[in-house]
Amino acid sequence: MTLLALESVTKRFGAVAALDALSLEIGAGEFFALLGGSGSGKSTLLRAVAGFELPDAGRVLLRGQDISRQPPPARDVAMMFQSYALFPHLSVADNIAYGLRRAGEGRAAIAARVAELVALLALGGMEARRPRQLSGGQQQRVALARALARRPSLILLDEPLAALDSGLRERTGLELRALQRRLGASFVMVTHDQAEALALADRVAVLEQGRIAQVASPRELYDRPATRSVARFLGAANVLEAGTLPLGAEVAAPAYALRPERIRLVDALPAINGTPATVADLAFRGGDALLLAQVAGGPLLRVVLPAGAALPEAGAAILLAWDAAALAPLAA
Amino acid sequence: MTRGVAWLALLALVAAPLAIVIGMSFSTPDAGVPPVVPPLGRAGWQGSWDSWALIFADTFYLDTLLRSLRLAAVTAGLCLLLGFAMALGIASARPAWQPALLALVLLPFWTGFVLRLTAWVGLLRDHGWINAMLLRLGVIAEPLPLLYSDGALLAGMVHSYLPFAVLPLAAALARRDLAVEEAAADLGARPMTVFLTVTLPLAAPAAAAAFLLVFIPAAGEVVIPEMLGAPDSMLIGRAIWGEFFQTRDWPTAAALSTALLALLLVPIALYQRLSVLK
């Protein structure tokens, strides 16, 4: 069932179209990620759904109802801000209760709901503290509890993990997904981190210059990127133009994406899907090794070798090969 | 080095004059020049507590002091109200406009202080602009006694002190985190509720600072009451002035000055605490 639909939404800032006739449908219970670099329009899209930006054209529909012109307080969505935007003058409990108070709920109902969220997000014992007395991870959980409090149809997450230490980010991300599954809630997350989008989301939309380059499941997005830029953005794939190397693909296309980890070092060069090269650079990265291989008169290939592999010397002549199935056809 | 200069400046410009004034409050009047005998002479202690006894015994001084504090509080309150609205307007304007709007707030300082008050006299006196206008329009038959009233005094006070309230408020409101207000709106708060539950409480320290920044100098104001106020409404600044220059009772003037300063130490300490908290 479609929960949120955007119908050719356009938003301009001066001459720049932050959203360019963008259409998108998101289902109920989905964990959806909007992935893109800075200036891709992903944050504008989130703010248009929350009501902080009014689209110049197009419609935003929630459960089939046009909410494009509704002010933020009237919308049945809640946003978790990148900076968390907790109320610094209110306690944790009052932060969580803020939306419930605005909805005019009774004192007992508010207390019960706050207690429920405190338990759900492991904030027990911190109810009376102010946000500045909490760690980054705790603040993040308060922000999430506050957004969840009124049981909105849709939760919007603006870079939910960006403000956390790298050590905490992975675990918090998994907790976020587990919580979303448990509650059956609908999450739309904005992120610039492709690993985060692939790891957490059910579906990912890659945004480029206010347009959607591709919407797909993480697996499909990675294995079958639709365009050159999606291939480059996700996992830094090699983009091979047809005709530059002896390519034998399953499907004919003007160009192919070839994942760095799908290229092997071989002793004998195959007739197709292989090339001689020289080692331009080599970096041992612990879990694997990154090799930049220069094809004479051709492209510079990124190759990721497994940790155990014997590594060639820089400047050495090597032979590379890959499977036909590893070549993902690109439309544009 | 810089520390030494700072201490020297404090000693020469604050501690020494203060010590002289406090000392003078214990001196005895004399017919000479200066018209006092210092409290410490060759024979040792020769001062008196008379002037202190006088200002505590005569309720005139206490009433004057209370009236001054009340005027300062009303002035500061009005400046806070007007200043908050102006500061919010400035902080909500486009960033490119904000320096220009702040410059407009400071524009009155380009004219001399006394000159600005003289302008009020020109506006408010019996044959001033306002009365002339009202007479011409036939609204009144006789000029209204606008000048030398509490209203004129308050207008002059608020007009003179308003920038002191606007500046700290505008600075605080301009650097506030707008995401917090968006979060409130997102959670269902309408604009007025956002203002009352988020903007206002978060601006409270700046508002308190603005209030005190007006209150502290306004309590001892001399010139504005002299030029615009009713002659019979006695304020502490005018009382000190009168003791010094009219009755030439320096010890009483010094005792009054010291008492006012001691009273103002409370709001000054409050203001200091607020600045530290920020």
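So the sequences go chain by chain: A and B. Using our numbering, the letters of the first sequence correspond one by one to residues 170 to 501. Using our numbering, the letters of the second sequence correspond one by one to residues 31 to 308. Idealized CB from N, CA, C, for every residue including glycine. Predicted model, so just to flag it, every value in this text is computed and none were measured.
| Asked | Found |
| --- | --- |
| Buried versus exposed, by CB contacts within 10 Å (16 or more), R268/B | buried |
| Chain-ordered chain B contacts of A278/A [CB-CB under 8 Å] | Result: empty, since nearest Cβ-Cβ is about 15 Å, beyond 8 Å. |
| Cutoff 7 Å; reference A452/A; Cβ partners in own chain excluding five residues on either side | A458, L459 |
| L95/B burial status per 10 Å Cβ neighbour count (16 or more: buried) | buried |
| Cβ shell of T413/A (< 8 Å), same chain only, five flanking positions each side left out | G467, P468 |
| Own chain residues within Cβ distance below 8 Å of F139/B, not counting five before or after | P193 |
| Contact the region 281-291 of chain A vs the region 208-228 of chain A: 3+ CB pairs below 8 Å | no |
| Anticipated Cβ contact below 8 Å, P129/B with P281/B, distance rounded | Incorrect: roughly 50 Å between the Cβ atoms, too far for contact. |
| Neighbour list for M248/A in chain B, Cβ cutoff strictly below 7 Å | D216 |
| Segment contact flag, the region 216-234 of chain B with the region 243-250 of chain B, C-beta cutoff 8 Å, min 3 pairs | no |
| Whole-angstrom distance between F250/A and V51/B, CA atom to CA atom | 57 Å |
| Candidates A486/A, A190/A, A364/A: closest to L438/A by CA position | A486/A |
| C-beta neighbour in chain B for S252/A, strict 8 Å | yes |
| DSSP three-state assignment for G259/B, whether helix, strand or coil | coil |
| Within-8 Å CB hit, T89/B to chain A | no |
| Neighbourhood of D436/A by C-beta distance below 8 Å, restricted to the same chain and skipping five residues each side | L488 |
| C-beta neighbour in chain B for P241/A, strict 8 Å | yes |
| First and last residue of the uninterrupted beta strand (DSSP E) at T171/A | 171-182 |
| Alpha helix (DSSP H) segment containing F402/A, residue limits | 397-402 |
| Between the CA atoms of D327/A and V229/A - distance to the nearest angstrom | 18 Å |
| Same chain only: Cβ atoms within 8 Å of P481/A, ignoring 5 sequence neighbours per side | L434, V448, L451, L460, I487 |
| Assigned exposure category for P475/A - 16 Cβ within 10 Å defines buried | exposed |
| Distance CB(A240/B)-CB(L110/B) smaller than 8 Å | yes |
| Residue interval of the beta strand (DSSP E) (run including I487/A) | 486-490 |
| Proximal residues, the region 257-286 of chain A versus chain B, C-beta separation under 8 Å | P257, H258, Y267, G268, R271, A272 |
| Within chain B, the residues that R315/A reaches when beta carbons sit closer than 9 Å | A213, L217 |
| Residue interval of the beta strand (DSSP E) (run including I195/A) | 185-196 |
| Anticipated Cβ contact below 8 Å, R372/A with S386/A, distance rounded | 6 Å |
| Sufficient close CB pairs (3 or more, under 8 Å) joining the region 272-292 of chain B to the region 70-86 of chain B | yes |
| According to DSSP, residues forming a beta bridge with N407/A | L427/A |
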